[in-house]
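Take a look at the structure set out below.
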Amino acid sequence: MMKDSAKKKLQEIFGLENVLDSMEDRIAYSYDGTPLISSLPQAAVIPSSPSSIGVEQISKLVRLANEENFSIVPRGSGTGLSGGSIPAENSVVILMARWDNVIEIDKSNLTAWVEPGVITGKFQSLVESQGLFYPPDPGSSQICTIGGNVAENAGGLRGLKYGVTKNYVLGLEVVLPTGEVMHVGGKNTKDVAGYNLKDVLIGSEGTLGIFTRILLRLLPLPQAGKTILAFYDSISKAAESVSAIAERRIMPAMLEFLDNPTIRAVEDFAHLGLDTECGALLLIEVDGARSSTEEDAAAIEEVCKKSGANNIKIAKDEAESIKLKAARKTAFAALARIRPTTILEDATVPRSELPVMVEFINDSANKNNVQIGTFGHAGDGNLHPTGLTDERDRDEIRRTEKAFGEIFRKAFDLGGTITGEHGVGLAKKKFFEELYDTPFIRWMKQTKEMLDPNCILNPGKIISVKPRCEGALPKSREQIERLLSKMSQRDTFGEIPPEVYF
Ligand SMILES: Cc1cc2nc3c(=O)[nH]c(=O)nc-3n(C[C@H](O)[C@H](O)[C@H](O)COP(=O)(O)OP(=O)(O)OC[C@H]3O[C@@H](n4cnc5c(N)ncnc54)[C@H](O)[C@@H]3O)c2cc1C
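Heads up: the sequence shown begins at 91 in my numbering, then just goes up one per residue.
Structure, rendered in structure tokens:
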């Protein structure tokens with residue numbers, strides 16, 4: 091438990107109104123987008139905006155955590171799917187989402203300085219209105235933050251052609267586990283001074299530093315785009331098209347895939363006129379100069395027909411393009427309606443192994459008698475097998491977890507990875523430590539131990555570093571529910587009886 095003296099010092103740093111420690115607030119920050127796990131923080135704090143004042147507060151917070159032995163969990167919008175912003179034991183959550191200023195858009199260097207709480211989709215719209223382009227496009231772009239994207243090295247729908255978040259981060263201002271403020275990178279296209287620490291911080295899931303300002307690379311906005319939807323009898327035919335498009339040397343901006351259960355769920359939800367009998371569909375988008383997009387779209391139509399597409403739709407205008415893209419963009423929401431608990435995973439394989447992987451996912455679901463719908467970024471082999479289950483049914487959850495264990499191990503055996511974009515966090519730590527090279531895991535642990543000896547920052551995420559991080563696993567959703575039901579039997583949200591503390 092956090093000492094009263096530490097809470098008082100938090101209030102001195104952030105001001106009384108910016109330290110949230112009522113039970114309602116603690117519950118609000120006890121979970122993120124990851125099902126089945128949650129844990130109460132001791133408090134949540136809001137650093138002052140603008141960030142120029144707040145950075146000093148964050149430094150003080152980190153120093154206090156080292157002195158008073160509590161941990162800090164950075165949080166953006168809490169849309170993470172691997173448990174990255176779920177509170178550790180005896181932790182304070184730092185809420186970065188209110189730092190949402192775009193500080194500068196530099197049109198001559200094609201860069202932008204942003205605060206970490208800027209919402210990705212809002213930033214995309216802002217730069218597009220000025221003829222510029224920020225490609226990373228996670229499915230959650232309308233709600234997630236750039237800070238969370240950098241911490242997870244988020245991918246998204248345009249990964250095949252444009253890469254992921256790390257390809258667009260030029261510089262960072264970061265508060266270190268010591269409380270010092272470090273600056274890495276800058277506006278230079280070329281800069282090889284020293285180790286590439288910027289790339290160590292990107293994807294570090296809040297375990298090595300707290301980002302306070304981020305310098306992003308921008309591109310000129312493509313002149314035109316063309317959207318195509320192709321329907322297939324079977325997954326293997328759709329996968330053939332994916333390979334054939336690559337062999338034709340065309341690089342679509344989007345090359346997305348939905349299997350039959352997902353198509354049915356989307357049609358039931360969004361009524362887009364999709365063929366619910368087909369085995370799979372591909373959503374393809376090409377972009378670039380007007381003339382080349384027309385040529386690429388025609389070539390893709392030909393390739394898809396040759397490799398077995400039985401129906402192809404090409405959007406005639408922007409309105410039709412948005413409608414076709416809705417088939418993919420609503421996939422998660424559509425699947426989430428089917429059962430109470432939705433487990434969205436991201437097993438990833440080399441593109442050539444897609445048919446084997448999708449078949450394996452279906453076999454594993456059947457064998458374990460669980461429901462899994464699959465969609466994802468076919469172009470970069472990043473699949474989202476999505477478990478549709480009910481967390482109140484312990485046996486079904488056990489079977490679903492067994493199926494996912496088989497799926498991750500198979501992806502790894504095929505030369506793939508247990509996570510293409512959602513991160514390791516808490517949810518995949520077990521598989522990470524089991525499957526990956528011993529020296530790789532050792533280097534990571536040594537790095538964490540050296541940079542954060544008191545294990546202050548987001549302990550227990552990605553890897554366990556003994557002794558402190560080992561114990562920092564969150565408690566289950568069941569315990570939160572037990573607490574909530576106890577609380578609902580009371581008149582006020584006053585002191586909680588000791589038996590429900592956790
Ligand atoms: C419907 C849905 C679709 C999604 N689609 C995609 C997708 O296509 N691609 C993809 O990659 N992900 C996707 N995600 C996952 C998620 O949106 C991303 O991981 C996103 O980057 C998280 O951003 P956030 O602001 O919500 O961060 P949070 O969930 O709050 O935090 C994520 C991690 O970042 C750390 N963090 C946050 N802010 C900072 C900071 N300022 N400094 C240091 N660390 C920080 C946290 O400690 C945590 O470890 C999806 C999620 C949902 C719910």
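No residue lacks a Cβ here, since even glycine has one placed at the ideal position from N, Cα and C.
Is residue 167 near ligand 1, in the sense that its beta carbon is under 7 angstroms from a heavy atom of that ligand?
Because some heavy atom of ligand 1 lies under 7 angstroms away, the Cβ of residue 167 counts as near it: yes.
Please indicate yes or no: does the CB of residue 355 lie closer than 7 angstroms to some heavy atom of ligand 1?
Result no, Cβ not under 7 angstroms from ligand 1.
Which class does residue 143 belong to by DSSP, given the choice of helix, strand or coil?
Helix, per DSSP.
Whole angstroms are fine: how far does the CA of residue 162 sit from the CA of residue 155?
If you take the alpha carbons of residue 155 and residue 162, they lie about 7 angstroms apart.
Looking at the C-beta of residue 201, does it have a partner C-beta in chain D at a distance below 8 angstroms?
Although the question refers to chain D, the structure presented lacks it and comprises just one protein chain.
Which value, in whole angstroms, describes the spacing of the CA atoms of residue 108 and residue 139?
Straight-line Cα distance between these residues: approximately 11 angstroms.
For residue 401, which beta-bridge partners are listed by DSSP?
Its beta-bridge partners are 321.
Rounded to the nearest angstrom, what separates residue 297 and residue 281 at their Cα positions?
Those two C-alpha atoms are separated by around 25 angstroms.
Output the residue ranges of the alpha helix (DSSP H) runs that lie fully inside the region 380-454 and measure 4 residues or longer, sorted by chain position.
Taking only runs of at least 4 residues, the alpha helix (DSSP H) segments lying wholly in the region 380-454 are 380-396, 408-419 and 421-426.
Our contact map puts residue 308 next to residue 223 with C-beta atoms below 8 angstroms; I'd like the distance itself, whole angstroms only.
Sure, about 6 angstroms apart at Cβ, within 8 angstroms.
Report the residue ranges of all beta strand (DSSP E) runs contained in full by the region 297-351; include only those spanning at least 3 residues, in chain order.
List check, beta strand (DSSP E) in window: 300-307, 314-322 and 344-349.
Taking 8 angstroms as the cut-off, decide whether the C-beta atoms of residue 117 and residue 148 are in contact.
Taking 8 angstroms as the Cβ cut-off, residue 117 and residue 148 do not qualify as a contacting pair.
Can you confirm whether the region 271-291 touches the region 357-376 when touching is taken to mean that 3 or more C-beta pairs between the two stretches lie within less than 8 angstroms?
The region 357-376 vs the region 271-291: no contact.
Counting only runs of 3+ residues fully inside the region 198-267, write out the beta strand (DSSP E) ranges in chain order.
List check, beta strand (DSSP E) in window: 201-204 and 259-265.
Have a look at residue 77 and residue 225 and give me their C-alpha separation to the nearest angstrom.
Only positions 91 to 592 of the chain appear in the structure, and residue 77 is not among them; the question remains open.
Judging by CA-CA distance, which residue of 378, 179 and 305 is the nearest neighbour of residue 200?
When only C-alpha atoms are compared, the closest one is 305.
If you measure between the beta carbons of residue 34 and residue 372, is that distance less than 8 angstroms?
Any question about residue 34 goes unanswered here, given that the chain covers just 91 to 592.
By Cβ distance, which residues of its chain are closer than 6 angstroms to residue 242, with the 5 residues on each side in sequence left out?
Counting only Cβ-Cβ distances below 6 angstroms, and skipping sequence neighbours, we find 513.
Which one of 189, 133, 106 and 251 has the shortest CA to CA distance from residue 467?
Selected option, being the one with the closest Cα: 251.
Check the C-beta distance from residue 486 over to residue 430 and give it rounded, since I have them as a contact under 8 angstroms.
Going by Cβ atoms, the distance from residue 486 to residue 430 rounds to 11 angstroms, so no, they are not a contact pair.
Excluding the 5 residues flanking residue 248 on each side, which residues of the same chain have their C-beta closer than 8 angstroms to its C-beta?
Only 225, 226, 227, 343 and 344 meet the Cβ criterion.
Let me confirm a value: residue 106 is counted as buried when at least 16 other C-beta atoms fall within 10 Å, else exposed. Which label applies?
Exposed: under 16 other Cβ atoms inside 10 Å.
Which partner residues does residue 375 have in the DSSP bridge list?
Answer by DSSP bridge pairing, in chain order: 317 and 344.
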